[in-house]
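Asker: Got a structure for you, written out below as structure tokens; questions coming shortly.
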Amino acid sequence: MGSVQETIFGIISKEAGIDIGKISLDSTLKDLEIQSLDAVQIIFEIEDQFKITLPDRDPNFDTESVKGLVDAVERLVAEKTAAAPPAQS
Amino acid sequence: MRRVAITGIGAINALGHDAATTWNAMREGRSAIGPIVNIPTELLGVRIAAEVRGYDPLAHFDAKRLVLLDRVSQFALIAAREAIAQSGLEFRASGFGERTACIIGTGIGGENSHNEQSSRFYGDRNPRVHPLAIVRVMANAPACHVGMEFGLTGPSFAVVSACASANHALAQAFEMVRSGKVDFALTGGSEACITVPTIKAWEAMRVTADDTCRPFCRQRRGMVLGEGAGIFVLEDYERARARGATILAEFAGAGMSADAGDIVLPSNAGAAKAIAAALADARLPADGVDYINAHGTGTPANDPTESKAIRRVFGSHADRLAVSSTKSMHGHALGAAGAIELVAAIGALREGVVPPTANFIDADPDCDLDYVPNVARDMPVRAVLSNSFAFGGLNAVVAITRA
Chain A
1238 MGSVQETIFG IISKEAGIDI GKISLDSTLK DLEIQSLDAV QIIFEIEDQF
1288 KITLPDRDPN FDTESVKGLV DAVERLVAEK TAAAPPAQS
Chain B
3 MRRVAITGIG AINALGHDAA TTWNAMREGR SAIGPIVNIP TELLGVRIAA
53 EVRGYDPLAH FDAKRLVLLD RVSQFALIAA REAIAQSGLE FRASGFGERT
103 ACIIGTGIGG ENSHNEQSSR FYGDRNPRVH PLAIVRVMAN APACHVGMEF
153 GLTGPSFAVV SACASANHAL AQAFEMVRSG KVDFALTGGS EACITVPTIK
203 AWEAMRVTAD DTCRPFCRQR RGMVLGEGAG IFVLEDYERA RARGATILAE
253 FAGAGMSADA GDIVLPSNAG AAKAIAAALA DARLPADGVD YINAHGTGTP
303 ANDPTESKAI RRVFGSHADR LAVSSTKSMH GHALGAAGAI ELVAAIGALR
353 EGVVPPTANF IDADPDCDLD YVPNVARDMP VRAVLSNSFA FGGLNAVVAI
403 TRA
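Residue numbers (this note's numbering), protein chains in the order written: chain A, 1238 to 1326; chain B, 3 to 405.
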């Protein structure tokens, strides 16, 4: 289990108040009965934690499912790392 | 109980700086939503709004006075001056000011001043806050400044209910004139909410569109922020007639309700309750209404819920109603929305022209009413309802009929 996934599971569990054991990569936010206000808070927490911006209703990003969120975050974090200047030693 | 006349109308918003220009733009179906020009946009994801453009505060207020006036109070004063000029009333000279209420809604209040002072304090690390910050920011400032300029010494206060503020204010003023508590009222709503933090906050909720506002159609992507004010003069109907005033419309009734459900998700039962209450209050049969100026924000949640609420109240007559959202043109001016939309309602009633829902592309199966897409419609209009539904599940609907 990658750390991105662990962090996202943690955020979903905390913000929506659901047992972390109930969350799987295959779940959609709808399956987990997450209301729209909880969903926007989950997205906010993810953005804030990873310092990224998840696009709003972009067909290239799936923010409706847990796997979609994990993939999107991994992709955006990788893009950010690639764009950042190399660290000074 | 007395009847209540509307004898003055004033407005400033993205469509125009007065009520006549606003109404003409609505008739033409012209949308004033566009790229943001009044504030820096580099931190914004959503870079469109319905701003009041080409506005010079110094053309309306001297510099000394402006120090006291947040943009929200400026808008209220400009609209109030227009409304009062039209009514022909001289509140100070006649002594009528003593029998006049001043009740003005706003969702946020002095947001520009609040933002400016916070930015100095936190951004510039400047420990000195302007001594007039408090009186500029307070949500009752628009009502106070209108009252002070015209000498209105009756009940005066602000009404705050987010996007329903103006309609709640109108309803309150209407009740006061109808009951005889006052003879006149200045009322409506004002909002100047387009600042970087406010837009960021709306962005974070993911309910704002990045293209334009397309209420009720399948391609709608959300709401677009607007700003401005609409202010009206209400008056005892018989008194207005006796003094030979031009009666623009009769304020026939108001209905209010609360969903007491979700803080953001609207309920069609709650909205229907307010619509039905407005009809009952106005003693209007459902088939006496020809046009509804919808709340119609263009969000995924509002539009189908509002359509269901209308159907629930009007039954088969729902298919004969014209329903349009002028927010497609002047944006969502939050606490001023209902007031700017009353300009549309009055125009429709007086001229027999229903303004369209602009930017409409394809029908959405979940929104099954006649939304007057893109082009205004000539039709007889006997009575109009104007809906406003706020976050928090607060609903306020006003009913007007031909004078």
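Each residue gets a CB set at the ideal place from its N, CA and C atoms; glycine is no exception.
1. Check the Cβ of A:Phe1281 against every Cβ in chain B and list those closer than 8 Å, keeping chain order.
2. Which runs of the beta strand (DSSP E) spanning at least 3 residues fall entirely within the stretch 160–233 of chain B, listed in chain order?
3. Based on the DSSP secondary-structure assignment, which residues constitute the bridge partners of B:Leu396?
4. Would you say the stretch 1286–1305 of chain A touches the stretch 357–369 of chain B, given that touching needs at least three Cβ pairs under 8 Å?
5. Which partner residues of B:Cys104 appear in the DSSP bridge assignment?
6. Against B:Ile342, what residues of chain A qualify as contacts under a CB-to-CB distance less than 9 Å, listed in chain order?
7. Out of curiosity, what's the CA-to-CA distance linking B:Ile233 and B:Leu68?
8. Among the residues of its own chain, which have a CB less than 7 Å from the CB of A:Met1238, if the five just before and after it don't count?
9. Determine, using beta carbons only, whether B:Arg101 comes closer than 8 Å to chain A.
10. Is it right to say B:Gln174 is buried, meaning 16 or more other beta carbons lie within 10 angstroms of its own, or is it exposed?
11. In chain B, which residues lie less than 9 Å from A:Asp1275 when you measure between Cβ atoms?
12. Please confirm whether any heavy atom of the ligand SAM lies closer than 7 Å to the CB of B:Val69.
13. Between B:Thr24 and B:Leu336, what straight-line distance do the alpha-carbon atoms span, to the nearest angstrom?
14. Please tell me whether A:Ile1255 and A:Ile1283 are closer than 8 Å, where the distance is taken between their beta carbons.
15. Three Cβ pairs or more, each shorter than 8 Å: is that satisfied between the stretch 175–189 of chain B and the stretch 96–111 of chain B?
16. Consult DSSP for B:Ala341 and reduce its assignment to one of helix, strand or coil.
17. Out of B:Ile80, B:Val356, B:Thr210, B:Ala392, which one is the CA nearest neighbour of B:Asn376?
18. Going by beta-carbon coordinates alone, are B:Ala280 and B:Ala401 separated by less than 8 Å?
19. How long is the line joining the alpha carbons of B:Met207 and B:Phe93, rounded to whole angstroms?
20. Does the Cβ-Cβ distance between B:Ala254 and B:Thr403 come in under 8 Å?
21. Anything in chain B within Cβ reach of A:Asp1293, meaning under 7 Å, just list it in chain order.
22. Please list, in chain order, the chain A residues whose beta carbon lies closer than 7 Å to that of B:Leu267.
23. Should B:Val39 be labelled buried (16 or more other beta-carbon atoms within 10 Å of its own) or exposed?
24. Is the stretch 251–267 of chain B touching the stretch 222–232 of chain B in the sense that three or more CB pairs, one from each, lie closer than 8 Å?
25. Do you know whose CA, among B:Ala385, B:Asn270, B:Phe98, lies nearest B:Arg285's CA?
26. Check the C-beta distance from B:Leu323 over to B:Ile348 and give it rounded, since I have them as a contact under 8 Å.
27. Determine the direct distance from the alpha carbon of B:Asp380 to that of B:Gly149, and round the result to whole angstroms.
28. Closest Cβ-Cβ distance between B:Arg223 and chain A: below 8 Å?
29. DSSP has B:Val374 in a bridge; who is on the other side?
30. Could you check what DSSP says for B:Ser121 in three-state terms: helix, strand or coil?
31. Who are the near neighbours of B:Ser181 in its chain, counting only those whose CB is closer than 6 Å to its CB and skipping five residues on each side?
32. In or out: B:Tyr124 buried (at least 16 other Cβ within 10 Å) or exposed?
33. Mind checking who B:His334 pairs with in its DSSP beta bridge?
34. With DSSP as the reference, label B:Glu308 as helix, strand or coil.
35. Just to confirm the assignment, what range does the alpha helix (DSSP H) spanning A:Ser1302 have?
36. Where does B:Ala13 land, buried or exposed, given buried means 16+ other C-beta within 10 angstroms?
Answerer: Walking through what the data contain:
1. Along the first sequence, read from residue 1 onward, the residue named residue 1281 of chain A stands at position 44. Per Cβ cutoff of 8 Å: Ala206.
2. If only complete runs of 3 or more residues are kept, the stretch 160–233 of chain B shows the beta strand (DSSP E) at 186–193, in order along the chain.
3. Numbered from 1 along the second sequence, position 394 holds the residue referred to as residue 396 of chain B. Partner residues in the beta bridge of B:Leu396, as assigned by DSSP, are B:Ala260, B:Ala392.
4. No: fewer than three Cβ pairs fall under 8 Å.
5. In the second sequence, the residue the question calls residue 104 of chain B occupies position 102. Paired residues: B:Ser158, B:Leu188.
6. Counting from one through the second sequence, the residue named residue 342 of chain B turns up at place 340. Near B:Ile342 there are no residues of chain A at all, since even the closest Cβ is about 27 Å away, more than 9 Å.
7. On the second sequence, residue 233 of chain B is found 231 positions in, with the first residue counted as 1. On the second sequence, residue 68 of chain B is found 66 positions in, with the first residue counted as 1. Those two C-alpha atoms are separated by around 20 Å.
8. Here residue 1238 of chain A is taken as the residue at index 1 of the first sequence, counted from 1. Residue placement at A:Met1238 cannot be trusted, given a pLDDT of 48 that sits under 50; the coordinates are not used to answer.
9. Residue 101 of chain B sits at position 99 when you count from the first residue of the second sequence. Chain A, which has no Cβ nearer than 8 Å to the Cβ of B:Arg101, makes this no.
10. On the second sequence, residue 174 of chain B is found 172 positions in, with the first residue counted as 1. Classification for B:Gln174: buried.
11. Taking the first residue of the first sequence as position 1, residue 1275 of chain A is located at position 38. Ordered by position in chain B, no residue passes the 9 Å Cβ test against A:Asp1275, which lies about 11 Å from the chain.
12. This structure simply doesn't include the ligand SAM, nor any ligand for that matter.
13. Here residue 24 of chain B corresponds to residue number 22 of the second sequence, with the count starting at 1. Here residue 336 of chain B corresponds to residue number 334 of the second sequence, with the count starting at 1. One C-alpha to the other measures close to 17 Å.
14. The sequence position of residue 1255 of chain A within the first sequence is 18, counting from 1. The sequence position of residue 1283 of chain A within the first sequence is 46, counting from 1. Taking 8 Å as the Cβ cut-off, A:Ile1255 and A:Ile1283 do not qualify as a contacting pair.
15. In short, these stretches touch, since the Cβ pair count reaches three.
16. Locating residue 341 of chain B in the second sequence gives position 339, counting from the first residue. Here B:Ala341 carries a helix assignment [DSSP, helix/strand/coil].
17. By one-based count along the second sequence, residue 376 of chain B stands at place 374. Checked all of B:Ile80, B:Val356, B:Thr210, B:Ala392; the closest Cα to B:Asn376 is B:Val356.
18. Along the second sequence, one-based indexing puts residue 280 of chain B at 278. Along the second sequence, one-based indexing puts residue 401 of chain B at 399. In contact: B:Ala280 and B:Ala401 (Cβ atoms closer than 8 Å).
19. Here residue 207 of chain B refers to the residue found at position 205 of the second sequence. Here residue 93 of chain B refers to the residue found at position 91 of the second sequence. Approximately 44 Å, taken between the alpha carbons.
20. As a working mapping, residue 254 of chain B is identified with position 252 in the second sequence. As a working mapping, residue 403 of chain B is identified with position 401 in the second sequence. B:Thr403 is positioned such that its CB atom lies closer than 8 Å to that of B:Ala254.
21. Counting from 1 along the first sequence, the entry for residue 1293 of chain A is found at position 56. By Cβ distance, chain B contributes Arg208.
22. Working through the second sequence from its first residue, we reach residue 267 of chain B at position 265. By Cβ distance, chain A contributes Ser1273.
23. Here the question's residue 39 of chain B lines up with position 37 in the second sequence. B:Val39 should be labelled exposed.
24. The stretch 222–232 of chain B is not in contact with the stretch 251–267 of chain B.
25. Position 283 of the second sequence, counting from 1, holds the residue named residue 285 of chain B. Nearest of B:Ala385, B:Asn270, B:Phe98 to B:Arg285, Cα basis: B:Ala385.
26. For the purposes of this step, residue 323 of chain B is taken as the residue at position 321 of the second sequence. For the purposes of this step, residue 348 of chain B is taken as the residue at position 346 of the second sequence. Going by Cβ atoms, the distance from B:Leu323 to B:Ile348 rounds to 18 Å, so no, they are not a contact pair.
27. For the purposes of this step, residue 149 of chain B is taken as residue 147 along the second sequence, with counting starting at 1. For the purposes of this step, residue 380 of chain B is taken as residue 378 along the second sequence, with counting starting at 1. So the alpha carbons of these two residues sit roughly 38 Å apart.
28. Residue numbering aside, residue 223 of chain B sits at position 221 when the second sequence is read from its first letter. Answer yes: the Cβ-Cβ gap between B:Arg223 and chain A drops below 8 Å somewhere.
29. Sequence index remark: in the second sequence, residue 374 of chain B carries index 372 (1-based). In DSSP, B:Val374 forms no bridge with anything.
30. Reading the second sequence from its first residue, position 119 is the one you call residue 121 of chain B. B:Ser121: helix per DSSP, three-state reduction.
31. In the second sequence, counting from the first residue as 1, residue 181 of chain B sits at position 179. If we look at B:Ser181 and ignore the five residues flanking it on each side, it has no Cβ neighbours.
32. Counting from 1 along the second sequence, the entry for residue 124 of chain B is found at position 122. Of the other Cβ atoms in all chains shown, fewer than 16 fall within 10 Å of the Cβ of B:Tyr124; this residue is therefore exposed.
33. Mapped onto the second sequence, residue 334 of chain B falls at position 332. Answer is B:Leu227.
34. Against the second sequence, residue 308 of chain B aligns to sequence position 306. In the structure shown, B:Glu308 sits in a helix (DSSP, three-state: H, G or I).
35. To locate residue 1302 of chain A, count along the first sequence from 1; it is residue 65. Segment: none, A:Ser1302 is in no alpha helix (DSSP H) and carries neither H nor E.
36. Mapped onto the second sequence, residue 13 of chain B falls at position 11. B:Ala13 comes out buried.
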